[in-house]
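Structure, as structure tokens:
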Amino acid sequence: MSGVAGLGFDERRARVVLAMLAEPDDPVTGGLMRRVGTVETLGLLDTDTVVPGLSRVDGQVWRDRLTSPGRMDGLDQRLRMVEDTEAPQVLCRFHAGWGSLVRPS
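Residue numbers (my numbering): 175 to 279.
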């Protein structure tokens, strides 16, 4: 198992970790986030249970892709860098100021 589930103990942090692991607009990861939630999606990477909506083989392919050594290398360090940097903020739709912070251009 990859050991990433413990890194995403809340919604915001789980989204950051998944953003570091998955390709942008990854349909499988996005679908799982909508179906089971963000923290739960991250947790699926550390299990061998059936991934909702995927066959056992497709679920393992998804896990292997997101937890490949190239993606996992330095993940802890990258996550700390994001958390320690004051300038960038991780903005999620559940954030209290979401509506006022996001303006269409």
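Glycine residues also receive a C-beta, built at the ideal position from the N, C-alpha and C atoms.
- Task: Quick one: measure Cβ to Cβ for Asp-220 and Gly-177, integer angstroms, because I've assumed they're closer than 8 Å.
- Result: 6 Å
- Message: Mapping the DSSP letters down to three states, classify Leu-228 as helix, strand or coil.
- Response: coil
- Could you give the C-beta distance for Leu-192 and Thr-215, rounded to a whole number, given that I count them as a contact under 8 Å? 7 Å
- Message: Measuring only the C-alpha atoms, how far is Val-235 from Ala-179?
- Response: 18 Å
- Item | Cβ pair Met-281, Arg-254 closer than 9 Å | Because residue 281 is not part of the residues shown, which for the chain are 175 to 279, the question remains open.
- Near Val-210, what residues of its chain come up, given a Cβ to Cβ distance below 8 Å and the 5 sequence neighbours on each side ignored? Leu-218, Pro-226
- Message: Taking the straight line between their C-alpha atoms, what separation do you get for Val-190 and Ser-229?
- Response: 26 Å
- Query: Any heavy atom of the ligand FAD closer than 8 Å to the CB of Arg-230?
  - Reply: This structure lacks the ligand FAD, and indeed carries no ligand of any kind.
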